[in-house]
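Letter by letter, the sequence shown follows residues 408 to 809 of this note's numbering.
All residues carry an ideal CB built from backbone N, CA and C; glycine is no exception.
In this text, all values refer to a predicted model and were calculated from it rather than measured experimentally.
Presented below is the structure to which this report refers.
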Amino acid sequence: MLISEDSKEYKLFNENKTYDFDEFTFHGNHIKGELLLTHDEYHGSLLITQCNGMDTLQFVQGFPKMYYYENQVLDSKGVKLYEKLDGTCICLYKLYDENNQLIEYVPKTRQKAILEKHFLEMFNLCDIEHITSVDEDIESLYFEMYGILNHHTIKHIKTYIDLALIGAYNGKTFLNDEEINEISQKILIQKPRHIGTIIPKENTYKLELNDKYYEKTQEFNNREENTVDDILGIIKEYLDEINKINVNQKGFIKYEGVVLRNGREYIKSKPQSYFEASGRNVLGVSKQEVKKEIHKILDEKSDLILEKYDERVIIDEININLEEEYDKTDVYNPRVQRMILKQLHLFVETLPSKSLQNTVNDLVEQKPGLKIGEYMKIFADENPLLKHKSRLVYNMILKKIQ
């Protein structure tokens, strides 16, 4: 939606950390602007300041970060529990020109203004024929893209690649559950599976399970507890039991967790079996969990991160994400911080890019006659994630210019 400089959305980009983007959409529209780096309900939101060379001000609402339950007030009608799919969050937003005319529907990940090529290829394999069949007031839709092709900790073996509708935004607010149901029927894309409902009673909370696949369901169905925390504990027990059954039968866990659709708020809850499967252990942050966070961040931010940010920015992002799952004392343990740095270096070294020698050759050929210190400064500025290769680069440049 187009906004003014007086709007609260515009002020967000002046008051918070952002990075600039300059992209061509997949229909050739040229967009420039800023992406918001806050870890809140505006996570990954865009401010498009130019479209095809013309000044504009369009706000695109990102999908909010999901947090664990911390005494939020639950809807008196009850809160539905949906399966938390283990995939990639995709936002599909309307792109407008300077005259407020709709010119394209653009898909994006949380950390970019468009989809990376590999994500776009997956997206186009999904059943998206009716994905734009929404009411005029809907500005953006949000999906989880999951399946074997987009592999994460949970093995969705019955799905090659697919989308599940997880949210919608109308320019003012996120839509509620009933409204999302209507959109799901219009665009012919299902929501995540409804597992159960937490129903507030007079003095207790009741858990009604909708999961009919296991005999274990009956042991947990219609349980009542005094607090929401206690009910969430029952849900985690239930998911752990189902995951154990699945591991024994198929060799892998079934559930990452559940998402509570509390009106327009998203709250997550994960069982211990998921953390164990994803590498968590009693000794703190595991190498597997660190590698997962590195892959997730660099997968979404990709070339923008590699070209423009130093490793400190990426490490800060990893730490923030790990804080959602671990105590700060565990995250900022010197052992963990060294492990993050080492795993980040190992990951960058595996990226398909020019060799160091080709990078050095291009640098010297494009800027002849400089001193070794000047070359090293340029190299460090242009390749912030390769600082640990500086000694090798120094020797390469020295041989080249002698």
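Of the other Cβ atoms in all chains shown, 16 or more fall within 10 Å of the Cβ of F470; this residue is therefore buried. Per the DSSP secondary-structure output, I438 pairs in a beta bridge with E430 and C458. DSSP assignment within the stretch 475-550 yields the following whole beta strand (DSSP E) runs of 3 residues or more, N-terminal first: 486-490, 495-503 and 509-516. Under DSSP, the beta-bridge partners assigned to H601 are Y489.
Per DSSP, the continuous alpha helix (DSSP H) segment holding G780 begins and ends at I779 to E789. Within the DSSP secondary-structure output, T611 pairs in no beta bridge. The criterion of a C-beta distance shorter than 7 Å is satisfied by Y489 and V666.
Taking one beta carbon from each stretch, the stretch 526-546 and the stretch 597-605 have fewer than 3 pairs nearer than 8 Å; the two do not touch.
DSSP places E422 in the uninterrupted alpha helix (DSSP H) bounded by K415 to E422. Counting along the chain, the unbroken beta strand (DSSP E) around E631 starts and ends at R630 to E632. Among the bridge pairs identified by DSSP, G554 is matched with none.
By the neighbour-count definition (other C-beta atoms within 10 Å, threshold 16), M461 is an exposed residue. In this structure Y576 is buried. Its beta-carbon is surrounded by 16 or more other beta-carbon atoms within 10 angstroms.
DSSP, reduced to helix, strand and coil, places T566 outside both helices and strands of the structure shown, so it counts as coil. Looking at the DSSP output, Q809 bridges to nothing.
In the DSSP assignment, G640 falls within the unbroken alpha helix (DSSP H) covering V635 to K657. Taking 7 Å as the cut-off, the beta carbon of K643 is found no closer than this to the beta carbon of N650. Per DSSP, the continuous alpha helix (DSSP H) segment holding V738 begins and ends at K735 to V738. Scanning I779, P514 and L770 for the CA closest to the CA of N802 turns up I779. Taking D723 as the centre and dropping the five residues before and after it, the same chain places no C-beta closer than 7 Å to its C-beta. Around the beta-carbon of Q597, fewer than 16 other beta-carbon atoms lie within 10 Å, marking it exposed.
Taken through DSSP and simplified to helix, strand or coil, T445 comes out as coil. With contacts defined as CB atoms closer than 7 Å, L444 and V467 fail to qualify as a contacting pair.
G664 is a Cβ neighbour of K491, given a cutoff of 7 Å. CA-to-CA, the gap between T634 and R668 works out to about 18 Å.
Straight across, the Cα-Cα distance linking V513 with G494 is about 19 Å. R798 and I725 have their C-alpha atoms spaced approximately 27 Å apart. Per DSSP, the unbroken alpha helix (DSSP H) holding Q592 starts and ends at D584 to I594. Here the alpha carbon of D427 sits roughly 20 Å from the alpha carbon of A787. Apart from sequence neighbours up to five positions away, the residues of its chain that approach G574 with a beta-carbon distance below 8 Å are F470, L548, Y549, F581, L582, I587 and Y673, ordered along the chain. Taking a cut-off of 8 Å for Cβ pairs, the stretch 767-774 and the stretch 733-740 do not touch, as fewer than three such pairs fall below it. E430 places its beta carbon less than 7 Å from that of I521.
One alpha carbon belongs to E528, the other to K613, and they sit about 43 Å apart. Minimum Cα-Cα distance from K807 among the listed residues G658, N790 and P775 corresponds to P775. Taking E615 as the centre and dropping the five residues before and after it, the same chain places the C-beta of G603, T604, I606, N628 and N629 closer than 7 Å to its C-beta, in chain order. Residue state for Y576 is assigned as strand, using DSSP reduced to three classes.
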